[in-house]
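Novice: Please see the structure below; I have some questions.
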Amino acid sequence: MAGETVITVQGNLVDDPELKFTPAGHAVAKFRIASTPRTFDKSTNEWRDGETLFLTVSAWRRLAENVVETLHRGDRAVVVGALKQRSYEDREGVKRTVYEMDAEDVAASLKNATAAVTKNGKGNGQQTGYGQQQPQQGYGGYGQQQPQGDPWATNGGPRQEPPF
């Protein structure tokens, strides 16, 4: 995303994300998000809503599939991505400009909700393009998982207290 305008938007999904596939087979999800600023008016002691910003968001590949499986109309979300401006002519020949977002990351907001995070296991995690995380080997470089019952246990051996 070098040289692009990267923004973070938090708001509510206006519609369910729609999943489509390009001719090359890449998944793309589109949805709209509405973000309304609120300010507190001290003179009336009330909250006031500002003008709502509506953005169409595009998410690609694995992110697209995860968005469709996770978020629905009305859900609050946080979207990070590149802001794009596109101009076109409508049916009456009037030139219009719209603002859209290409999502780098999308998350369910935990401000008023809870979520259980589940790794979906799609792919092997070895992709290394922009925005892709490198494979993790755990804290300290150990690639083995901890025993289920004790997250502080060493890799299969007896639990050892730290030396301090």
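With positions in the sequence shown counted from 1, the corresponding number in the numbering used here is that position plus 931. For each residue, glycine too, the CB sits at the ideal point set by N, CA and C. All figures in this text were calculated on a predicted structure; none of them were measured in a lab.
#1: Taking the C-alpha atoms as reference points, what is the distance between R979 and T967?
#2: Nearest to D1036 by CA position, among T975, Q1016 and N997, is which residue?
#3: Leaving out five residues before and five after A969 in sequence, what residues of the same chain have Cβ atoms less than 8 Å from its Cβ?
#4: Rounded to whole angstroms, what is the Cα-Cα separation between T1059 and R992?
#5: Could you name each continuous beta strand (DSSP E) segment of 3 residues or more that falls completely within the region 951 to 1025, going from the start of the chain to the end?
#6: Flag this pair as yes or no: are the beta carbons of V959 and A1013 separated by less than 8 Å?
#7: Indicate whether V937 and I964 have their beta-carbon atoms separated by less than 8 Å.
#8: Could you please give me the residues that DSSP links to G942 through a beta bridge?
#9: Tell me whether A1039 sits in a helix, a strand or coil according to DSSP, three-state version.
#10: Measure the CB-CB distance between N943 and D1006 and report whether it falls below 8 Å.
#11: Measuring straight from C-alpha to C-alpha, what distance separates E1023 and A1034?
Specialist: A quick look at the data gives this:
#1: Here the alpha carbon of R979 sits roughly 10 Å from the alpha carbon of T967.
#2: N997
#3: The question names Ala, but residue 969 is Arg in the sequence shown. Closer than 8 Å at the Cβ level, and outside the excluded window around R969, lie W978, R979, D980 and G981.
#4: Interpretation of T1059 is limited by its pLDDT of 42, a score under 50 that renders its predicted location unreliable; the figure taken from the coordinates is listed afterwards. Approximately 14 Å, taken between the alpha carbons.
#5: Whole beta strand (DSSP E) segments, 3+ residues: 958 to 966, 969 to 972, 977 to 980, 984 to 991 and 1007 to 1020.
#6: no
#7: no
#8: For G942, which the question treats as bridged, DSSP gives the partners A1008.
#9: strand
#10: yes
#11: 31 Å
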